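Convert by adding 171 to the 1-based position in the sequence shown; the result is the number in my numbering.
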Amino acid sequence: MTQKLTPEMAAHFAALALGHVRREYPHKLDHVMDGPEDVLGPRALHPIFYGSFDWHSCVHGYWMLLTIRRLFPKLPVATEIRALADEMLVPHKVAGEIAYLDRAYTGGFERPYGWAWLLALHVEASRHEDAEWAEALEPLARAFADRFHGFLPRLTYPIRTGTHFNTAFALVLALGWAERNDGALADLIRSRAADYYGSDKACPGWEPGGDDFLSSALIEALAMKRVLPGDAFARWFAAFLPGLGSAEPKSLFTPASVSDRSDAKIAHLDGFNLSRAWCWREVADALDGPGAALAREAADVHLAASLLHVAGDYMGEHWLASFALLALTAGESG
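Now the structure itself:
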């Protein structure tokens with residue numbers, strides 16, 4: 172049976188995020204120091220996104236909280252989420268985040284993973300018409316959109332690794348924002364996705380790597396689903412995974428084994444299972460017959476492998492629930 176997001180699960184995820192989005196330490200900075208004056212802590216550098224072990228996890232922690240508030244507005248925790256967002260997602264604090272981008276050597280800051288998650292947060296904020304969060308965040312979203320405009324034409328080759336540098340993941344989230352806010356960026360994303368992935372065939376499924384949290388194969392497929400009309404995607408996917416009918420390659424249908432959830436990198440593999448579940452569920456909606464059934468079964472198996480492990484050790488707890496939410500809300504949260 173396909174797992175659905177329940178109010179109890181949503182409340183649990185929200186409690187996790189509320190426990191870490193303002194937890195400053197431990198913290199892993201993406202920060203280049205140009206002199207001793209730049210030796211600063213997370214809160215001094217980032218007025219909003221100083222928690223959750225790293226900047227990008229804090230961003231998608233807020234995304235998760237706002238998503239849960241929208242989906243379950245009657246949960247008691249929704250009031251706490253509203254109060255937090257009213258306090259933090261405000262113009263003067265957003266200005267501080269923008270000021271960080273004006274520092275020296277920030278061109279590669281959070282590229283492209285954090286860029287894409289910030290755009291996704293802005294999209295989610297715009298769905299809350301009773302608040303001013305989207306208006307406050309818009310200048311920061313525009314700043315990262317400008318970075319995509321500058322970067323994608325220069326990125327000759329896609330980055331296929333299953334970690335933060337993955338190009339396809341960033342294109343998926345950025346396109347969701349661009350289709351609402353920036354037609355030129357949406358066109359650029361579609362064009363670059365076609366350049367990067369349009370001729371890919373017979374994916375070998377050489378994954379996972381030891382610290383992947385994305386499936387390089389399936390996130391590429393999801394990106395192509397987002398940029399191609401239905402018939403064109405079906406043709407592309409049939410060439411990309413010609414062995415789908417016999418569940419080949421087996422690696423794409425087999426969840427990753429996680430040997431040590433206290434190891435920050437090995438714990439990525441729980442995210443790998445959850446993000447695969449998201450991708451399989453999304454792709455299944457574009458398939459027919461046995462292929463769709465196999466995709467949905469693979470999604471369920473991957474979700475079951477890691478859903479119970481979103482909490483327990485901070486190395487996973489500060490981010491895994493966001494990826495569980497992607498999987499559990501597949502089809503509406505992009």
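C-beta atoms are modelled at their ideal positions from N, C-alpha and C, and glycine is treated no differently.
Just so it is clear, the structure is predicted and the values come from calculations on it, not from any experiment.
Leaving out five residues on either side along the sequence, give the residues of the same chain with a beta carbon under 6 Å from the beta carbon of residue i.
i, result
"G483", "none"
"E350", "A357"
"A438", "R432, M486 and G487"
"F220", "W226, C229 and V230"
"P420", "G376"
"A266", "none"
"S223", "H191, V192, C229, G232 and H489"
"L474", "Q174, A448 and A498"
"F443", "P379, D383, F384 and A427"
"R467", "A455"
"L323", "L359 and R363"
From residue i to residue j, what distance separates their C-alpha atoms?
i, j, result
"W150", "A275", "Residue numbering for the chain in the displayed model covers 172 to 505; residue 150 lies beyond these limits and cannot be assessed."
"N352", "V230", "19 Å"
"R363", "L399", "12 Å"
"D201", "G416", "43 Å"
"K436", "F384", "9 Å"
"T177", "T327", "43 Å"
"D209", "A291", "29 Å"
"L393", "A457", "10 Å"
"Y367", "E309", "29 Å"
"P426", "V472", "7 Å"
"R194", "E391", "33 Å"
"W234", "S422", "31 Å"
"A305", "S430", "40 Å"
"L359", "D317", "12 Å"
"L246", "H263", "29 Å"
"E179", "R241", "15 Å"
"A355", "R325", "16 Å"
"P207", "L342", "36 Å"
"G321", "L389", "26 Å"
"Y196", "A365", "41 Å"
"W348", "D459", "28 Å"
"L491", "G369", "31 Å"
If I measure Cβ to Cβ from residue i and keep anything under 7 Å in the same chain, skipping five residues before and after, which residues do I get?
i, result
"A373", "P413"
"P461", "G416"
"L465", "L415 and A418"
"Y271", "L216, H217 and T277"
"G401", "A457"
"F424", "A418 and A469"
Is it true that the CB of residue j sits closer than 8 Å to the CB of residue i?
i, j, result
"H293", "E488", "no"
"F411", "D371", "yes"
"A455", "A463", "yes"
"F340", "W286", "no"
"S493", "G232", "yes"
"D441", "H480", "yes"
"A307", "V261", "yes"
"L311", "E268", "yes"
"T338", "D382", "no"
"A302", "I239", "no"
Can you tell me whether residue i is buried or exposed, with buried defined as 16 or more other CB within 10 angstroms of its CB?
i, result
"R406", "exposed"
"S504", "Unreliable positioning characterises S504 in this predicted model, as indicated by a pLDDT of 46, which lies under 50. The coordinate reading is nonetheless provided below. Buried."
"P283", "buried"
"R452", "buried"
"W187", "The residue asked about is misnamed: residue 187 is Leu in this sequence, not Trp. Buried."
"L211", "exposed"
"P379", "buried"
"M161", "Outside the displayed range of the chain (172 to 505) lies residue 161, so it cannot be described from this structure."
"H299", "buried"
"P244", "exposed"
"P329", "buried"
"A501", "buried"
Note down, in chain order, each residue of its chain lying with its Cβ closer than 8 Å to the Cβ of residue i, except the 5 sequence neighbours on either side.
i, result
"L189", "L236, V248, E251, I252 and L255"
"L497", "L445, S446, W449 and S504"
"R361", "L346 and V398"
"F404", "M395, K396 and A457"
"L344", "A287, W288, L290, A291 and G505"
"A314", "I269 and L272"
"A409", "L415"
Since residue i contacts residue j with CB under 8 Å, what's their CB separation in whole angstroms?
i, j, result
"K175", "L499", "7 Å"
"R331", "S387", "5 Å"
"H198", "P218", "At roughly 14 Å, the Cβ-Cβ gap does not stay under 8 Å, so H198 and P218 are not in contact."
"A495", "F184", "7 Å"
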